[in-house]
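Contents: one structure, followed by commentary.
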Amino acid sequence: MTSPKLACPTCATPMEIDHHGETEVDLCPDCGGLWLDAGELEQIVGMPVAPEVAGAQYRKCPHCLRPMKRVVLGGVHLERCALCEGFFLDAGELKQIAEKFKKARKVALPEAEAQAPRDLVCAKCGGRFPREQLYAVPGGHICDTCSGFVAPNPEPGPVEKFLWKIIDGLSTAHHHHHHHDFDFFG
Numbered sequence: 333m334t335s336p337k338l339a340c341p342t343c344a345t346p347m348e349i350d351h352h353g354e355t356e357v358d359l360c361p362d363c364g365g366l367w368l369d370a371g372e373l374e375q376i377v378g379m380p381v382a383p384e385v386a387g388a389q390y391r392k393c394p395h396c397l398r399p400m401k402r403v404v405l406g407g408v409h410l411e412r413c414a415l416c417e418g419f420f421l422d423a424g425e426l427k428q429i430a431e432k433f434k435k436a437r438k439v440a441l442p443e444a445e446a447q448a449p450r451d452l453v454c455a456k457c458g459g460r461f462p463r464e465q466l467y468a469v470p471g472g473h474i475c476d477t478c479s480g481f482v483a484p485n486p487e488p489g490p491v492e493k494f495l496w497k498i499i500d501g502l503s504t505a506h507h508h509h510h511h512h513d514f515d516f517f518g
């Protein structure tokens, strides 16, 4: 079932679904404006973002229809809805932000790798691990320390939390018996 198209906050044109890597975004075909739901900007830049609030804004959130806040991220001014935490970017702003974050990470990664953070953080025990060190399962990884589920994105959603409960139930029975074909630690 397709949800109704969001109206662009700038020109009210119905926005089209577009893909930025594996992230589904809403793009205005007229002005090039871009709507990112909560967590999508983090997925695209591959790391958590912490925008600074720079004041009120007249444009309304396409989801909540309430005025958004003007925020600054990597020197770029964009809008964020305080309610649903989505971002609205004008044409070209995502590219500027992505460039800033690429420089901030100072790692020359291939394009596909640039989509994902290098280190994953276990939301259960707080451990930070290189992706290669974790046991991969569908939809994420298993933490080597506590056997918790580590999602590829920094913010666990309801599905990840549900999976953690299932995996926790399984992993207490056989805690350190991962069946690796090779040893990560040499």
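Numbering (the working numbering), first residue to last: 333 to 518.
The C-beta atom is built at its ideal place from N, Cα and C for all residues, glycine as well.
Check: Reference Leu410; option with closest CA among Thr477, Leu368, Ile349, Glu354; Outcome: Leu368
Check: Expected contact under 8 Å - CB spacing of Phe373 and Phe419 to nearest Å; Outcome: The sequence given here places Leu at residue 373; Phe does not occur at that position. About 5 Å separates the two Cβ atoms, so the contact holds.
Check: Own chain partners of Gly387 with C-beta closer than 6 Å, once the 5 adjacent residues on each side are dropped; Outcome: Arg402
Check: Closest by C-alpha distance to Pro399, when choosing among Glu431, Gly407, Tyr390; Outcome: Tyr390
Check: Proximity below 7 Å, CB of Val357 to CB of Ala430; Outcome: no
Check: Of the listed residues Cys416, Thr345, Gly364, Met347, nearest to Leu426 (C-alpha basis); Outcome: Gly364
Check: Distance between Val408 and Gln428 (C-alpha atoms, nearest Å); Outcome: 7 Å
Check: Buried/exposed call for Leu338, threshold 16 Cβ in 10 Å; Outcome: buried
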